[in-house]
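Position in the sequence shown (from 1) plus 2 gives the number in our numbering. Here's the structure we're looking at; comments come further down.
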Amino acid sequence: MRKVHLITFGCQMNKLDSELAAETLADAGHIVVDDESLADTVVFNTCSVRDHAEQRVLSRLASLKPRRLADPDFRLGIMGCFAERYGEELLRKLPHLDFALGTRQFLRLPEVLERLDREASAKPEKAGHFGPAGAESPGIHQSHPRARHQGIQGFVSVMRGCDNRCSYCIVPDVRGGEVSRPAEEIAAEVRALALAGAREVTLLGQNIDAYGKHDNSSLAALLRLIDTTAGPDTGLVRLRFVTSHPRDISRELVETVRDLDRVAAHFHMPAQSGSTPILAAMRRGYTREEYDDKLAMIREVLPHAGIVSDFIVGFPGETEADYLATRDLVEKAHFTTSYIFKYSPRPGTPSALTMRDDVPDSEKKRRNNDLLAVQSTVSSTRGATLIGRRFSVLAEGESNRNARRWTGRTEQNMICVFDAPPEGDTWRGRLVEVEVESATPLTLFCRVVGNDAQEQPED
Ligand code: SAH
Ligand code: SF4
Ligand code: F3S
3 MRKVHLITFG CQMNKLDSEL AAETLADAGH IVVDDESLAD TVVFNTCSVR DHAEQRVLSR
63 LASLKPRRLA DPDFRLGIMG CFAERYGEEL LRKLPHLDFA LGTRQFLRLP EVLERLDREA
123 SAKPEKAGHF GPAGAESPGI HQSHPRARHQ GIQGFVSVMR GCDNRCSYCI VPDVRGGEVS
183 RPAEEIAAEV RALALAGARE VTLLGQNIDA YGKHDNSSLA ALLRLIDTTA GPDTGLVRLR
243 FVTSHPRDIS RELVETVRDL DRVAAHFHMP AQSGSTPILA AMRRGYTREE YDDKLAMIRE
303 VLPHAGIVSD FIVGFPGETE ADYLATRDLV EKAHFTTSYI FKYSPRPGTP SALTMRDDVP
363 DSEKKRRNND LLAVQSTVSS TRGATLIGRR FSVLAEGESN RNARRWTGRT EQNMICVFDA
423 PPEGDTWRGR LVEVEVESAT PLTLFCRVVG NDAQEQPED
């Protein structure tokens, strides 16, 4: 039995994978510990999306090297995208690393830990498993037991991998091609999570609008199935999904979101750039005009939807005019928020192989800061228009900054801060009705006008 501490970098898919890894370890009799100093095994779940993400993993690994070298019983391992990307090479180059498991192999964690312990008296072989799961490997695409889930938010992967080949992106290399899971299994997993206490479940896929494209299904059909089979009798309040590709998001999907009360009016639809030539060089598969049309379609069907975007600034060849087109998009689109990244060439990707990283870092920084400032102004203006408006907020718990205040999120995924419930009461996991009193770019400050316990008195 080992005491394992998991450290997670990267996106929500990685956070989910860490949760599944923890569940698998616990099933095999190991203990997952929150405190690193109590652990005899540390596993990093890693990200490769930008150089910075890889550097952070390497420096954290280096910081544990002395402990690994001093204690023969201590195990150090990595899983996730960085592990998949460098595979055996990592094990060769980092002598203090005991094992590395790729993105479709991490459910082998217990097997690997047990093997290393069995062989400990001899000189154990380092363990590495990468690439698509073989016939006898644990079923990464199958349903996962979720009985141990804690917390009111849960995540379920509906598909893994990505068939797009955006020229800058490492994800298809490290996560493989798209594989959608069967709808019934997903619905059963959502149901299990809700029965274990999750009130909000987020469905995850790198390009979630492509769900089911290989077998004539669709994300809209999946949402309807989950809504009817995992919603009514489980306490599930909200269903979300990320990430939407602007090319694939359909009117049918947006209408389904409008028609199903439980599905939150929130879209993460990364534009990446507002300039058509740059979008072409990125191989995104849409023009600026087509992106604008998708935005207009969402606003028409669901005027109160929250829309969030990602942007990459300083892509190879991005001129000032291209950047200004991105700036123009951010000024006009009224995103709830935008995640902005400086282009980071990923070795082996088409843009790194064929284009020179020709925008100087100082210029990338300037564009990054400028775009952040534009989005912040947009968010402030938007926040001001919300004063006096009412929202249903899924209450999460005490605010980190002030124990007398609570936080939660609106359907649009905006953070709300409101007065704590009376002593001895808890609103955790309940819908609280609030009215906005003031707003900053990222937070709404509200007063409570009701909660679902008041609206539905017990009889
Ligand atoms: N599947 C999602 C996003 C995956 S990666 C999608 O298709 O949008 C998350 C974000 O990281 C991307 O939206 C992009 O903005 C950013 N990103 C990806 N590769 C990058 C790179 N090489 N340099 C900088 N940012 C990058
Ligand atoms: Fe990467 Fe593009 Fe796939 Fe998103 S859609 S994961 S950016 S290749
Ligand atoms: Fe990073 Fe892998 Fe997610 S590269 S962003 S952890 S899919």
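Each residue gets a CB set at the ideal place from its N, CA and C atoms; glycine is no exception.
Quiz prompt | C-alpha gap between Glu1 and Asp75, whole angstroms | solution = Outside the displayed range of the chain (3 to 461) lies residue 1, so it cannot be described from this structure.
Self-check item: Cβ pair count under 8 Å reaching 3, the segment 189-207 against the segment 150-169
Solution: Yes, they touch.
Quiz item: Do you know offhand how far Arg69's Cα is from Thr43's?
Solution: Locating residue 69 in the sequence shown gives position 67, where the first residue counts as 1. Locating residue 43 in the sequence shown gives position 41, where the first residue counts as 1. Rounded to the nearest angstrom, the gap between the Cα atoms of Arg69 and Thr43 is 11 Å.
Quiz prompt | Residue environment, Glu235, which counts as buried when at least 16 other CB atoms sit within 10 Å | solution = As a position in the sequence shown, residue 235 is number 233, starting the count at 1. First, the amino acid is wrong: residue 235 is Asp here, not Glu. Exposed.
Exercise. Please say whether Ser353 and Pro305 have beta carbons closer to each other than 8 Å?
Key: By one-based count along the sequence shown, residue 305 stands at place 303. By one-based count along the sequence shown, residue 353 stands at place 351. For Pro305 and Ser353, no; Cβs fall outside 8 Å.
Practice problem: Starting from the Cα of Pro443, find the closest Cα among Gly385, Ile80, Thr428 and Leu93 and give me that residue. | Solution: For the purposes of this step, residue 443 is identified with residue 441 of the sequence shown, where counting begins at 1. Checked all of Gly385, Ile80, Thr428 and Leu93; the closest Cα to Pro443 is Gly385.
Quiz item: Quick check: the segment 255-273 against the segment 224-240, are there 3 or more CB pairs under 8 Å?
Solution: These segments touch.
Self-check item: Residues near Phe101 in its chain [Cβ-Cβ closer than 6 Å; skip 5 each side]
Solution: The residue you call residue 101 lines up with position 99 of the sequence shown. Annotation for Phe101: Gly79, Val114 and Ala129 place their beta carbon closer than 6 Å to its own, counting only its chain and skipping 5 residues before and after.
Practice problem: May I ask you to check if the CB of Val6 is nearer than 7 Å to at least one heavy atom of ligand 2? | Solution: Numbered from 1 along the sequence shown, position 4 holds the residue referred to as residue 6. Result no, Cβ not under 7 Å from ligand 2.
Practice problem: To the nearest angstrom, report how far apart Gly452 and Glu435 are at their CA atoms. | Solution: Taking the first residue of the sequence shown as 1, we reach residue 452 at position 450. Taking the first residue of the sequence shown as 1, we reach residue 435 at position 433. Those two C-alpha atoms are separated by around 5 Å.
Practice problem: Using 7 Å as the cut-off, classify the Cβ of Pro174 as near or not near the heavy atoms of ligand 2, replying yes or no. | Solution: Here residue 174 is taken as the residue at index 172 of the sequence shown, counted from 1. Yes, the Cβ of Pro174 comes within 7 Å of a heavy atom of ligand 2.
Exercise. Answer yes or no: the CB of Phe157 versus the heavy atoms of ligand 1, is any distance below 7 Å?
Key: Within the sequence shown, numbered from 1, the residue matching residue 157 stands at position 155. Incorrect: Phe157 has no Cβ contact closer than 7 Å to ligand 1.
Quiz item: Run through DSSP, which three-state label would Tyr345 get?
Solution: Taking the first residue of the sequence shown as 1, we reach residue 345 at position 343. Judged by DSSP in its simplified three-state form, Tyr345 adopts coil rather than helix or strand.
Quiz item: In terms of alpha-carbon separation, which member of Leu225, Glu425, Arg167 and Ala405 lies closest to Ala187?
Solution: As a first step, residue 187 must be located in the sequence shown, where it is residue number 185. The residue you asked about is not Ala; residue 187 is Glu in the sequence shown. Proximity to Glu187 across Leu225, Glu425, Arg167 and Ala405 peaks at Leu225, based on C-alpha coordinates.
Quiz item: Nearest to Leu195 by CA position, among Asp36, Leu221, Asn218 and Ser159, is which residue?
Solution: On the sequence shown, position 193 is the one that residue 195 refers to. Taking only the C-alpha atoms, the option nearest Leu195 is Ser159.
Quiz item: Quick one: what does DSSP say Ile33 is sitting in, helix, strand or coil?
Solution: Here the question's residue 33 lines up with position 31 in the sequence shown. Judged by DSSP in its simplified three-state form, Ile33 adopts strand.
Quiz item: Would you say Ser277 and Phe313 are within 8 Å of each other, going by their C-beta atoms?
Solution: Against the sequence shown, residue 277 aligns to sequence position 275. Against the sequence shown, residue 313 aligns to sequence position 311. Between Ser277 and Phe313, the CB-CB gap reaches or exceeds 8 Å.
Quiz item: Nearest-angstrom Cα distance between Gly214 and Leu40?
Solution: Start at 1 with the first residue of the sequence shown, and residue 214 comes out as number 212. Start at 1 with the first residue of the sequence shown, and residue 40 comes out as number 38. The alpha-carbon atoms of Gly214 and Leu40 are separated by roughly 43 Å.
Quiz prompt | Alpha-carbon to alpha-carbon, Ser50 and Met3 | solution = Stepping through the sequence shown from its first residue, residue 3 is reached at position 1. Stepping through the sequence shown from its first residue, residue 50 is reached at position 48. Met3 and Ser50: Cα-Cα distance of roughly 31 Å.
Quiz item: Quick one: is the Cβ of Pro318 within less than 7 Å of any heavy atom of ligand 5?
Solution: Ligand 5 is not part of the structure shown, which contains ligand 1, ligand 2 and ligand 3 as its ligands.
Quiz item: Heavy atom of ligand 3 less than 7 Å from the Cβ of Met15, yes or no?
Solution: Start at 1 with the first residue of the sequence shown, and residue 15 comes out as number 13. Result yes, Cβ under 7 Å from ligand 3.
Quiz item: Does the segment 422-441 come close enough to the segment 392-403 that 3 or more CB-CB pairs lie under 8 Å?
Solution: Taking a cut-off of 8 Å on C-beta distances, the segment 392-403 touches the segment 422-441, as three or more cross pairs fall below it.
Exercise. Please list, in chain order, all residues of the same chain as Val244 whose beta carbon is under 6 Å from its beta carbon, the five residues on each side excluded.
Key: One-based indexing of the sequence shown puts residue 244 at position 242. Only His270 meet the Cβ criterion.
Exercise. Specify, as a first and last residue, the run of the alpha helix (DSSP H) that Gln144 falls within.
Key: What you label residue 144 is simply residue 142 of the sequence shown in a count that begins at 1. Taken as a continuous stretch (DSSP letters only), Gln144 belongs to no alpha helix (DSSP H), as it is neither H nor E.
Quiz item: Candidates Cys448, Thr412, Pro423 and Ala335: which alpha carbon is nearest Thr383's?
Solution: Position 381 of the sequence shown, counted from the start, is the residue given in the question as residue 383. Residue Ala335 is the option with its Cα nearest to Thr383.
Quiz item: Could you give the residue range of the alpha helix (DSSP H) that holds Lys366?
Solution: Within the sequence shown, residue 366 is the residue found at index 364, counting from 1. Following the DSSP letters along the chain, one finds Lys366 inside the alpha helix (DSSP H) bounded by residues Asp363 to Thr387.
Quiz item: Just how far apart, CA to CA, sit Arg193 and Leu355?
Solution: On the sequence shown, residue 193 is found 191 positions in, with the first residue counted as 1. On the sequence shown, residue 355 is found 353 positions in, with the first residue counted as 1. Going by the C-alpha atoms only, they are around 45 Å apart.
Quiz prompt | Lys366 burial status per 10 Å Cβ neighbour count (16 or more: buried) | solution = Walking along the sequence shown from the start, residue 366 turns up at place 364. Per the 10 Å Cβ criterion, buried.
Quiz item: Quick one, are the C-beta atoms of Leu8 and Val34 less than 8 Å apart?
Solution: Your numbering for residue 8 matches position 6 in the sequence shown. Your numbering for residue 34 matches position 32 in the sequence shown. Yes. Within cutoff.
Practice problem: Compute the distance between the beta-carbons of Met284 and Ile210, then report whether it is under 8 Å. | Solution: What you label residue 284 is simply residue 282 of the sequence shown in a count that begins at 1. What you label residue 210 is simply residue 208 of the sequence shown in a count that begins at 1. Taking a C-beta distance under 8 Å as the contact criterion, Met284 and Ile210 do not qualify as a contact pair.
Quiz item: How long is the line joining the alpha carbons of Glu437 and Thr321, rounded to whole angstroms?
Solution: Indexing the sequence shown from 1 puts residue 437 at position 435. Indexing the sequence shown from 1 puts residue 321 at position 319. Thr321 has its alpha-carbon roughly 44 Å from the corresponding atom of Glu437.
Practice problem: Indicate the three-state DSSP secondary structure (helix, strand or coil) for Ser165 in the structure shown. | Solution: Numbered from 1 along the sequence shown, position 163 holds the residue referred to as residue 165. It is worth fixing the name first, because residue 165 is Asp in this sequence and not Ser. Here Asp165 sits in coil by DSSP.
Quiz item: Using the rule of at least 16 other Cβ atoms within 10 Å of the residue's Cβ for burial, across every protein chain shown, is Asp229 buried or exposed?
Solution: For this step, residue 229 is matched to residue 227 along the sequence shown. Classification of Asp229: buried, given that the 10 Å Cβ count is 16 or more.
Quiz item: Are the beta-carbon atoms belonging to Glu180 and Cys164 less than 8 Å from one another?
Solution: The count along the sequence shown starts at 1 and reaches residue 180 at position 178. The count along the sequence shown starts at 1 and reaches residue 164 at position 162. Result yes, Cβ atoms of Glu180 and Cys164 sit closer than 8 Å.
Practice problem: Determine the DSSP secondary structure at Asn404, reduced to helix, strand or coil. | Solution: Position 402 of the sequence shown, counted from the first residue, corresponds to residue 404. Three-state result, Asn404: coil.
Quiz item: What three-state label does DSSP hand Asn453 in the structure shown?
Solution: By 1-based counting over the sequence shown, the position of residue 453 is 451. Annotated three-state conformation of Asn453 is strand, per DSSP.
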